[in-house]
Amino acid sequence: MGPNLLVNYGEAVAAILFCIGFTNLLLQTNLIKKIIGLNIMDSAIYLFLAEKGYIAGRAAPIVTNGVTSVEAYINPIPSGLVLTGIVVSVSVSALMLSLTIRLYLRYHTLNLDEIAAQLKKEGR
Amino acid sequence: MDFVCNFPFFSILLSLFSGTICSILPGRAAKVVNRIVIAAVGVMSGILLVYLLGTGESFVYWMGHFPAPWGNEIRAGVLEAGMALFFCIIMYLSMAGGAHKLFDEVEESKHNLYYILINLLLSSLLALVYTNDMFTAYVFVEINTISACGLIMIRQVGRTIEAAVRYMIMSLLGSGLLLFGLCIMYDLTGHLLMSNIKESVSVLIQTGEYQIPLIVSVALMCVGLCIKSALFPFHAWLPDAYGYSTVSSAAILSSLVSKGYIFLLIKIIYRVIGFDIFNNTRIIDVLFVFGLMGMIFGSLSAIKENDIRRMIAFSSVAQIGYIYMGFGMGTQAGMVASIFHILSHAATKSLLFIAAIGLTEVSGGSRKFIDLTGAGYRNKWAGVAFTAGSLSMVGVPLFSGFISKLLFAQAAVQVEGKMLAALIVLGISTVLNAIYFMKTVIRIYAVTGDTSYPCITFKDMKVHAVVLVLFVIVNILLGVSSQPVVNMIEQGLAMFA
Amino acid sequence: MSKKKSAEEYHKTFAFHFFRWLSGGKDPYLGNVEMRPQKEYEADPEMLLRQEKEHDAILDKVYDTKHNALLKLFHSLYEITSILFCLFLMALLLVTISYLPATGAADKPVNNEVAGRYIEKGLEETGAVNIVAGMILDYRAFDTLGESHVLFVATITVLILLRLDKNKKGEVNPLTKEMNPNDRIYEPKNDAILQLVATFLVPIIIIFGIYIILNGHLGPGGGFSGGAVIGAGLILYLNAFGFQKTERFFTEKTYKWICFFSLSFYCLAKSYSFYTGANHLHSIIPNGTPGAILSGGLILPLNIAVGLVVACTMYAFYAMFRKGGF
Amino acid sequence: MYLILLPILFPILAGVCLLVCRKDLSRKLLTVTTGTCLVITGALAITALTRVKQDFTLFYLTRTLPVYFHIDQISILFSLLTVIVFLCAGFFSFAYMKHEQKEKRYYGYYLMAFGVLNGLCFAGNLITFYLFFELLTLSSFPLVLHTGSKEAIMAGLKYLFYSLCGAYASLFGIYFLCQNCDTLTFTAGGVLQVSAASKDGSFFLFLAFMMILGFGVKAGMFPMHAWLPTAHPAAPAPASATLSAVIVKAGVLALIRVIYYIFGADFIRGTWVQTTWLALALVTVFMGSMLAYREPVLKKRLAYSTVSQLSYILFGLAVMNEEAFTGSLLHVLAHGFIKGTLFLTAGAIIYTTGKTKVDELRGIGKEMPLTMWCYTIVSLGLIGIPPTGGFVSKWYLAIGGLAGDIGIFRYLGPAILLVSALLTAGYLLPLTIRGFFPGTDYDYQTLQKREPCPLMTIPILFMTILSVLIGLFPTVIVDTLTDFVSTLI
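Protein chains in written order, with the working numbering: chain S, 44 to 167; chain X, 3 to 499; chain D, 4 to 329; chain F, 440 to 928.
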């Protein structure tokens, strides 16, 4: 075990959340819950990234009063990555939800196992 | 800088932009745009390849006004240009070969959406091939995933939608792991560009700092990409997705999409981590073992399958196993064999899918083997093409499959510890391949008394037949003149370093 | 001394109306607003039972659940392995994190010359006060170009899945078969409260969104967040007034063209900037005075383009989810 | 230079054209075309054999593996056999195939198999050889399942799987040989690196064994012989004639190439591989004869006989001395002509009478005297009665066996060969005896002469004469063989 687990409590929380989301995505049979798991997973990564960019005692990376010194602001890169990541996650969630809607309209259930069973029964 | 150096950038932007254009065009015009774009990108990649072979050096291209660690970059070498050219050829042929089926399986008002997906898929594949930036790679991996999912479910039957859900779930697990690995890697090195990460990584390795996080991050990225490219235990979504989607989609998905991820993994191995450092980790052993398992279990599932399309899909699992086995050997030769197999498998698998559709068409649309009896006589072109594809898969000389197996075996012989396992599994898997492909070939050439199905002659399937012939030619070219291709791959890998 | 009014007259006065409203004697909206009492949905217990049985029967028929020990074993194995895998992953990540550089420290490898240049020279080189905006739209613009296409491709897939198309040939659209034909039951009632509030709020929301977009290079904000706000405003408007009203100014065609022009502009503008950058040509786009609204080179127009796309996309997602069309 | 390609490519292309050609050719035209192609191919092959002195590299498959052709004595021997048998069986089939369907397909694959066999004979290195070996399997297997009946398809499948499995077993060896040989070009005395051979000797022995087993499949060697007796009866008679006379000899050629030209006889001699190989060959000899003896169906009986006779050849190869090797090569020729004749006569009998079982063929000698005389003569040859070809070859084999340094097999080998010769008499001669001496209760009144047409009898007669000629003038061949055999041993 390394020395920084307690210092990096934010990342640790992110990791735990990531695994919770991961488990949800793997184990839940309900599609909506799976999607929630997915979102938890993504958010965990954003938390992780945000923690990475944070530097104690510095301001958000928006130039105020013309001060452009490195010591004044936190690292802007993780924030940019998070922005991009959020868009990706929105798109993916929308896609997953619309897939879920289609499956629900067709099979009247959100349970993936049940859908698989009905598909087998259809025999196509 | 020569004007040719703009070509990678042009091809990415052109295909990206054509996606936008297609959104306002009717289906037929979108089709034309799509074909032109693929052809144009192919031509550009071809010229670029010739240029690079002439100069013998790779180059980086700024995406913006800022140099390496600050701005985005793309990078082109022989391997990248070759891959792009090859992807374009396969994609063009697959699109042309499956076009007539599109009208039966996709609503006409949604045809232009289909071509948007294809264009964006092409652009994302190109970006994955050319990119020199990890985060760009991640973004385009997502485009790739979503448009692949769209390709699966554009034929809207229950199976495909369910398959699309499964595909998305697995892909998202993969993306999550990839992104997490990426973040850790960023935290350790402070860079997102591949070349800079590589420098930092070698420094880290020398100083011995952050060893564990480094390995974990590499492992996470590898696992993520393995999941996305359907390596053996993560292949549950594959048969339905490839088996029921419309045929062009199936051909493109199996031959290009998974290969895009694999190519990204190769780039990560060479350009991000460094080949030697990667080989010193235990990760290659894991890849090796799963590759071997995939080779056997994929073939076993294919033997049990009763549906020709699903059988071909399961065979993909086995072939992906081959590729990862090549990675797992941890030698240059293994890598070359894997890359050659990427090409060979792409050419063969799309041929098989396109030929299979020709066979099912003359069997009343059924893809069960029992109905396919004698289909080879009813559609001679498809029958011959399917036979050629099967022979390539089985590894008969003169076809591309033989060369890739030969390369794998030659690579395996050089690796002390993994030699026997690799060769034995290679042998078993080849025999299993022979069993299910030859079974199918016999089946389509068995004489049947049933004359209820129509026969198709060349007149009814001109484009389809020409595409099949071209696919066979590509296959035989790869099999007969493999030497230039292998040289090119080696040159390209040398440029990676 | 006031004259005593007759009851009839009194009923016309404001005071009467006011006091009656105060005492709750009459609901002023009665008769003006459609207020059909809605029954709470209660599932028919018999039906539930039947469904349950059907479900079991299907599972039984397909998998032979009672006798299929292998399946049971597989399921339990699958669960156990996935839980173990997740625990393993968690432990692995925690151990990894314990070795990572400490949060908040300034001397981490992350805070290297890359971040340094973004902060120090960002204002000068991109003209954007918001360093993050400058970074994602200028230094690393290729990522962002990809990102907006992720959104685009996601809308395309949603369109494929949920758009209801009129069929010329008269074949049965698989979607229409599945969907409830009477999708107007989801239409809002003439809910006056909602409508009144929406009349006030929607312009404010949309203006706020526009502000965020236009201010993207000067402060927190940008195309995506502003677009999402505008999208929310549109969705609120739709909920309040229904599809018929929104169709007057926002149809699929509008969406298509806005998306097309924004993305085309985005692609072309960025292509120009990439091309000039890579070929070391001089870009004709000025950076402007930092802090002014017309500054930051391409960042402002790009933000507007992204904002339009995002706003339309958000609205399109909602409309698609609701009834498969605009 | 390119002359060497012609006898390979011409028939293959002609075959492909025939297969692809859409029009239904009239029978006559088809026959004439095929006949011309066969003759031209034969002529081309002979020209190539006599004229071409140079090697020829077609292209490089991978960096170190060229597709390379080279003609040596072994090529000449096998190529001559191929040409003669294919021409004879081809002309025979013009008459025979009248009562079969889809003649065009048959001739197409027949021509292709011809070309591929030529390529196999001319192949100058192991990888080229392997290429044509696989192609041979693929082009000959449509001949097996030609009739399209369920048994034929199953037999075809069995043939295919056995052959492919065998080929992969040998491919396994080729993978390693690529690494440990300087070149895979066939060189008398072997090309295995001395360092590799001494370092991993036992491993390479294992490889050699794998390759013997793998290529032995084609030659019907014991553990993997089962495809032969099912494939032969299923195929049309002329196809089984070529199958038995030439195509299975591809396995023999493969073993000669691998053992004598790649590993080198010295490497194998005196090891467990040689012992096992000898044992397997002898087991096959004996078992094949026994099974043939018990088999009532004529063609199947002949197929078992092929199993047994081929292992004579393998025995000779496994002994690894000059006499035995010469005997083997002679037996390749003798058995090729004899078995070709036997299958063609069987075909003629089936064609005229429609009977397949030996018991039904009482008095056949009275009906078809010429055919049966040929049958009897070559049967005697196969048994090994002088002065036919079989006698000479078996003589050399026995001498070689006795002279060989092979432990117990020195005596066991010739003994088993002798027993098997007796058994051969036991399974071949009953047909002659019953055919010519049907017994007292035979109804001579209904007897009618029904000799088949000359298109059938002439090839039979020709091959019979050839087989006798080998026995009468063996010295011509032996002398030419001796020189280069000594370079191999």
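Idealized CB from N, CA, C, for every residue including glycine.
Self-check item: CB contact flag (F/G454, F/M536, <8 Å)
Solution: Taking the first residue of the fourth sequence as 1, we reach residue 454 of chain F at position 15. Taking the first residue of the fourth sequence as 1, we reach residue 536 of chain F at position 97. Their beta carbons are not under 8 Å apart, which means F/G454 does not touch F/M536 by this criterion.
Exercise. Measure the C-alpha to C-alpha separation of F/L452 and X/A411 and round it to an integer number of angstroms.
Key: For the purposes of this step, residue 452 of chain F is taken as the residue at position 13 of the fourth sequence. For the purposes of this step, residue 411 of chain X is taken as the residue at position 409 of the second sequence. Straight-line Cα distance between these residues: approximately 32 Å.
Quiz prompt | Residues in the stretch 80-99 of chain S having any Cβ partner in chain X nearer than 9 Å | solution = L81, M84, D85, A87, I88, F91, L92, K95
Quiz prompt | Residue range of the alpha helix (DSSP H) that includes F/Y499 | solution = The count along the fourth sequence starts at 1 and reaches residue 499 of chain F at position 60. From DSSP, F/Y499 is part of no alpha helix (DSSP H) but of the beta strand (DSSP E) over 495-501.
Quiz item: Can the beta-carbon of F/T784 be found closer than 8 Å to that of F/S747?
Solution: Counting from 1 along the fourth sequence, the entry for residue 784 of chain F is found at position 345. Counting from 1 along the fourth sequence, the entry for residue 747 of chain F is found at position 308. No, these two residues do not count as a Cβ contact at 8 Å.
Quiz prompt | Cβ separation of D/K165 and D/F324, assumed to be a contact under 8 Å, to the nearest whole Å | solution = Reading the third sequence from its first residue, position 162 is the one you call residue 165 of chain D. Reading the third sequence from its first residue, position 321 is the one you call residue 324 of chain D. The sequence given here has Leu at residue 165 of chain D, not Lys. Going by Cβ atoms, the distance from D/L165 to D/F324 rounds to 7 Å, so yes, they are a contact pair.
Quiz item: If you run the structure through DSSP and keep just helix, strand and coil, what is X/F11?
Solution: For the purposes of this step, residue 11 of chain X is identified with residue 9 of the second sequence, where counting begins at 1. Of the three classes helix, strand and coil, the one that applies to X/F11 here is helix, per DSSP.
Quiz item: X/Q158: buried (16+ other C-beta within 10 angstroms of its C-beta) or exposed?
Solution: Sequence index remark: in the second sequence, residue 158 of chain X carries index 156 (1-based). That one is buried.
Self-check item: Among X/I154, X/V487, X/F460, nearest to X/K382 - alpha-carbon criterion
Solution: For the purposes of this step, residue 382 of chain X is taken as residue 380 along the second sequence, with counting starting at 1. It is X/F460.
Practice problem: Note down, in chain order, every chain D residue with its Cβ under 8 Å from the Cβ of S/N51. | Solution: The count along the first sequence starts at 1 and reaches residue 51 of chain S at position 8. Within 8 Å Cβ-Cβ: I100, S101, L103, A105, T106.
Quiz item: Excluding five sequence neighbours on each side, which residues of the same chain lie with their C-beta closer than 8 Å to the C-beta of D/Y318?
Solution: As a first step, residue 318 of chain D must be located in the third sequence, where it is residue number 315. Taken in chain order, the residues that qualify are G234, L237, I238, L241, F253, Y258.
Quiz item: With 8 Å set as the bound, which would you pick, yes or no: does the beta-carbon of S/E157 sit closer than that to a beta-carbon of chain X?
Solution: Counting from one through the first sequence, the residue named residue 157 of chain S turns up at place 114. For S/E157, the answer is no, since every Cβ of chain X falls outside 8 Å of its Cβ.
Quiz item: How many angstroms separate the CA atom of F/L870 from the CA atom of F/L800?
Solution: Your numbering for residue 870 of chain F matches position 431 in the fourth sequence. Your numbering for residue 800 of chain F matches position 361 in the fourth sequence. Spanning the two alpha carbons is a distance of roughly 7 Å.
Practice problem: Measuring only between beta-carbons, confirm whether F/Y546 sits less than 8 Å from chain X. | Solution: Within the fourth sequence, numbered from 1, the residue matching residue 546 of chain F stands at position 107. Not one chain X Cβ lies under 8 Å of F/Y546.
Exercise. Any chance you could list the beta strand (DSSP E) runs of at least 3 consecutive residues sitting entirely within the stretch 80-124 of chain D, in chain order?
Key: none
Practice problem: Could you spell out the range, first to last residue, of the alpha helix (DSSP H) harbouring F/L504? | Solution: Locating residue 504 of chain F in the fourth sequence gives position 65, where the first residue counts as 1. Note, F/L504: premise wrong, no alpha helix (DSSP H); beta strand (DSSP E) at 504-508.
Self-check item: Interface residues of the stretch 418-448 of chain X facing chain F [CB-CB below 7 Å]
Solution: L425, G429, T432, V433, A436, M440, I444, A448
Self-check item: Nearest-angstrom Cα separation, counted from F/A673 out to F/D918
Solution: Working through the fourth sequence from its first residue, we reach residue 918 of chain F at position 479. Working through the fourth sequence from its first residue, we reach residue 673 of chain F at position 234. When rounded, the distance between both Cα atoms is 39 Å.
Practice problem: Return no unless some Cβ of chain D is closer than 8 Å to the Cβ of X/Y212. | Solution: Taking the first residue of the second sequence as 1, we reach residue 212 of chain X at position 210. It does; some Cβ of chain D falls within 8 Å.
Quiz item: Using a Cβ-Cβ distance under 8 Å, would S/N47 count as near chain D?
Solution: Indexing the first sequence from 1 puts residue 47 of chain S at position 4. S/N47 counts as touching chain D.
Quiz item: Listing by chain order, which chain S residues have their CB less than 8 Å from the CB of X/A166?
Solution: Position 164 of the second sequence holds residue 166 of chain X. Here the neighbours are L142.
Quiz item: For F/I391, which option in F/I479, F/P893, F/G563 has the closest C-alpha, if you only look at C-alpha atoms?
Solution: Within the shown structure, residues of chain F are numbered from 440 to 928, placing residue 391 of chain F beyond reach of any answer.
Quiz item: Does the beta carbon of X/F371 sit closer than 8 Å to a beta carbon anywhere in chain S?
Solution: Taking the second sequence and counting its residues from 1, one reaches residue 371 of chain X at position 369. Answer no: the Cβ-Cβ gap between X/F371 and chain S never drops below 8 Å.
Quiz prompt | chain X residues whose Cβ lies nearer than 9 Å to that of S/S112 | solution = Walking along the first sequence from the start, residue 112 of chain S turns up at place 69. Ordered by position in chain X, no residue passes the 9 Å Cβ test against S/S112, which lies about 18 Å from the chain.
Exercise. Look at the alpha carbon of X/R122 and the alpha carbon of F/A594, and state the distance between them as a whole number of angstroms.
Key: On the second sequence, position 120 is the one that residue 122 of chain X refers to. On the fourth sequence, position 155 is the one that residue 594 of chain F refers to. Contrary to the premise, residue 122 of chain X reads as Leu rather than Arg in this sequence. Rounded to the nearest angstrom, the two C-alpha atoms are 51 Å apart.
Quiz item: Is the stretch 232-249 of chain X touching the stretch 99-115 of chain X, taking contact as three or more C-beta pairs under 8 Å?
Solution: yes
Quiz item: Looking at the structure shown, is X/R30 part of a helix, part of a strand, or coil, going by DSSP?
Solution: Numbered from 1 along the second sequence, position 28 holds the residue referred to as residue 30 of chain X. Helix at X/R30.
Practice problem: Identify which residue in X/L124, X/L480, X/E492, X/L361 has its Cα closest to the Cα of X/F12. | Solution: On the second sequence, position 10 is the one that residue 12 of chain X refers to. Ranking X/L124, X/L480, X/E492, X/L361 by Cα distance to X/F12 puts X/L124 first.
Quiz prompt | Interface flag, F/Q618 vs chain X, CB-CB below 8 Å | solution = By one-based count along the fourth sequence, residue 618 of chain F stands at place 179. Answer yes: the Cβ-Cβ gap between F/Q618 and chain X drops below 8 Å somewhere.
Quiz prompt | Min CB distance X/V141 to chain S below 8 Å | solution = Start at 1 with the first residue of the second sequence, and residue 141 of chain X comes out as number 139. Closer than 8 Å: yes.
Quiz item: Name the DSSP beta bridge partners of X/F61, please?
Solution: Within the second sequence, the letter at position 59 stands for residue 61 of chain X. DSSP output for X/F61 lists X/A78 as bridge partner(s).
Practice problem: Quickly, what does DSSP pair X/L190 with across the bridge? List them, please. | Solution: On the second sequence, residue 190 of chain X is found 188 positions in, with the first residue counted as 1. According to DSSP, which records beta bridges pairwise, X/L190 is partnered with nothing at all.
Quiz item: Run through DSSP, which three-state label would S/Y97 get?
Solution: Locating residue 97 of chain S in the first sequence gives position 54, where the first residue counts as 1. Residue state, collapsed to three classes: coil.
Quiz item: Under 8 Å between C-beta atoms, does X/L174 make it to chain S?
Solution: As a position in the second sequence, residue 174 of chain X is number 172, starting the count at 1. At least one chain S Cβ lies under 8 Å of X/L174.
Quiz item: Where do the ends of the alpha helix (DSSP H) carrying X/G397 lie?
Solution: For the purposes of this step, residue 397 of chain X is identified with residue 395 of the second sequence, where counting begins at 1. First-last for X/G397: undefined, no H or E at that position.
Quiz item: Among all the DSSP beta bridges, which residues are the ones paired with D/N306?
Solution: Counted from its first residue, the third sequence places residue 306 of chain D at position 303. In the DSSP output, where bridge partners are listed per residue, D/N306 has none listed.
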